[in-house]
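Numbering that gives the first Met the number 0 numbers the first residue of the sequence shown as 0 and each following residue consecutively. See below for the structure under consideration.
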Amino acid sequence: MTTLHEVKDANSKIAKEYVNEVFETVIARNPFESEFHQAAKEIFDSLIPVFIKHPHYIDQNILERMVEPERVISFRVPWIDDQGKVQVNRGFRVQFNSAIGPYKGGVRFHPSVNAGIIKFLGFEQIFKNSLTGLPIGGGKGGADFDPKGKSDGEIMRFTQSFMTELYRYIGPDIDVPAGDIGVGAREIGFMYGQYKRIRGGFEAGVLTGKGLGYGGSLARTEATGYGTVYFVEEMLKDRGQSFKGSTVVVSGSGNVSIYAMEKAMQLGAKVVACSDSNGYIYDQNGINLDTVKRLKEVERKRIKEYVAEHPGALYFEGCSGIWSIPCDIALPCATQNEIDEAAAKILVANGVIAVGEGANMPSTLDAIDVFLKNKVLFGPAKAANAGGVAVSALEMSQNSMRLSWTFDEVDAKLHKIMENIYRNCVKAADEYGHPGNLVVGANIAGFLRVADAMIVQGVI
């Protein structure tokens, strides 16, 4: 007679074999796309307890269906620079999953953009958007265009060309892009203007992150950074700790970083370091956020200019050294894979108690293992930085109703959403045998909602 233990062992073997087979398929179908492989591996491994407990997901081959985008779009983006020379870039939009709502995800302009990076971002976006509890599916886009050093005229001509192709595939009920690295209010404005010009109508809900004067939402600018801090705040509360009196290091100095610093400071923390792609600053007296905002948001200068105005501050070339600065809380808000295993070990050795990922996949798999093994509170990106897309969805709601909420109304909704995401991650981690592991909890909670929607909608 077969024992319960033998049944569990058999189910475990089947689940692991299924996950491994699907991952091998991902590798074969998407060669050389290392970021996509990394994202898939992290999510796949954490879903094994789900497949053991609910084998019907294997019967439906739900994982292979979910990891294959519904649509991948690649297109040429020709534009003319200020010297009259024709330039050509490549644009992308990956519409990954629409089971619970229209595709939703940012547009990234950066030289590193390629199909693999957009797929990794889009795949993560499925789970992130699901965690918000709002009706938005997963997508992502971008171009291998570098906005740094470009004039406003060049930015306008590029974004207009980009939208001239992208408009065919988006719409308020189809796909709703937003900003990401290299795409802020200026770029969104130019893209929306071109979309409106082509479509001949004011479809405010087609893009989020818009200016307040034409359908944008209060608190959208602050949402990703604030949301990351709200998530970390929940982790700290469960351990009887808080931001008050803590020392914080934040990588990056863009939108997410600036508003993560702002909220951390409001909660009583001292932020001592931030960075850009050239290097980082360390100010033991605490970063002057007004200076950073002016340098990065108004003057568009490099972060090294900070030290000229604050003699006690230090500037260091290169970015990785920022994680050698002792801190209680680390908020990686710059880019993917910025914290590797060595950096994670340094953070642990220096006494870090919590890490909240404001950027997308800023910690390598080895780094995450270091944090978890050393009982560091770890907020994975798809949960911790979901505040941005959550408020984007709230912007869509306001556009649909043709009204605007106050800053406090939106911020309160954001705070509640981040609390719910945290609680749902904790609950899923506990239920599936990984208490305290929010990586597993986030992946499982996000997966279940999308997988169940996919099943009831049939094989499509």
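Cβ atoms here follow ideal geometry from the backbone N, Cα and C, with glycine treated the same way. Every value quoted in this text rests on a predicted model; they were computed, and no experiment measured them.
query	result
Considering only residues of the same chain and omitting the five flanking positions on each side of Lys40, which have a CB-CB separation below 6 Å?	none
Are the CB atoms of Phe74 and Glu164 within a distance shorter than 8 Å?	yes
Verify whether the separation of the beta carbon atoms of Ala177 and Asn398 is less than 8 Å.	no
Under DSSP, the beta strand (DSSP E) around Val388 begins and ends at which residues?	That residue, Val388, is in no beta strand (DSSP E); its alpha helix (DSSP H) goes 386 to 400.
Less than 8 Å between the beta carbons of Val375 and Ala358, yes or no?	no
Quick check on DSSP: helix, strand or coil for Phe126?	helix
From Ser403 to Ser216, what does the alpha carbon distance come to, in whole angstroms?	7 Å
To the nearest whole angstrom, what separates the beta carbons of Arg92 and Val76, a pair I think is in contact under 8 Å?	So it is not a contact: roughly 12 Å between Cβ atoms.
Counting pairs of beta carbons, one from the region 451 to 459 and one from the region 53 to 65, are three or more of them closer than 8 Å?	yes
Within a Cβ cutoff of 8 Å, which residues of the same chain sit near Gly210, ignoring the five residues on either side of it in sequence?	Ala184, Ile187, Gly188
For Pro48, which of helix, strand or coil comes out of DSSP?	helix
Which stretch, first to last residue, makes up the alpha helix (DSSP H) that contains Glu233?	219 to 237
Going along the chain, which unbroken runs of the alpha helix (DSSP H) with 4 or more residues stay wholly within the region 122 to 186?	151 to 165
Under 8 Å, do Asn96 and Ile72 count as touching if we go by C-beta distance?	no
Can you name, in chain order, every residue of its own chain whose Cβ lies under 7 Å from the Cβ of Gly317, other than the five neighbours on each side?	Gly278
I'd like the list of long-range same chain contacts for Phe201, defined as Cβ closer than 7 Å, with 5 residues on each side in sequence excluded.	Lys195
When we look at the beta-carbon of Ile173 and count the other beta-carbons within 10 Å, is it buried (16 or more) or exposed?	exposed
Could you tell me the boundaries of the beta strand (DSSP E) in which Asn96 lies?	85 to 96
Only counting the same chain, and skipping five residues up and downstream in sequence, which positions put a Cβ closer than 6 Å to that of Leu346?	Trp322, Ala329
Residues in its own chain within less than 6 Å of Ala380 by CB, not counting five upstream and five downstream?	Glu356, Asn359, Met360
Please go through the same chain and pick out, in chain order, the residues whose beta-carbon is closer than 7 Å to the beta-carbon of Ile367, but skip the five residues on each side of it.	Phe377, Val438
Assuming contact is defined by CB atoms lying nearer than 8 Å, are Val175 and Leu133 in contact in what I supplied?	no
Quick check on DSSP: helix, strand or coil for Lys303?	helix
For Lys262, I'd like the list of residues in its chain whose CB is within less than 7 Å of its CB, leaving aside the five on either flank, ordered along the chain.	Gly224, Tyr225, Val228
I think Tyr421 touches Met234, with their Cβ atoms under 8 Å apart; what is that distance to the nearest whole Å?	7 Å
Asp145 to Asn384, Cα distance in whole Å?	24 Å
Looking at the secondary structure, which residues open and close the beta strand (DSSP E) in which Leu294 lies?	No beta strand (DSSP E) holds Leu294; DSSP gives it neither H nor E.
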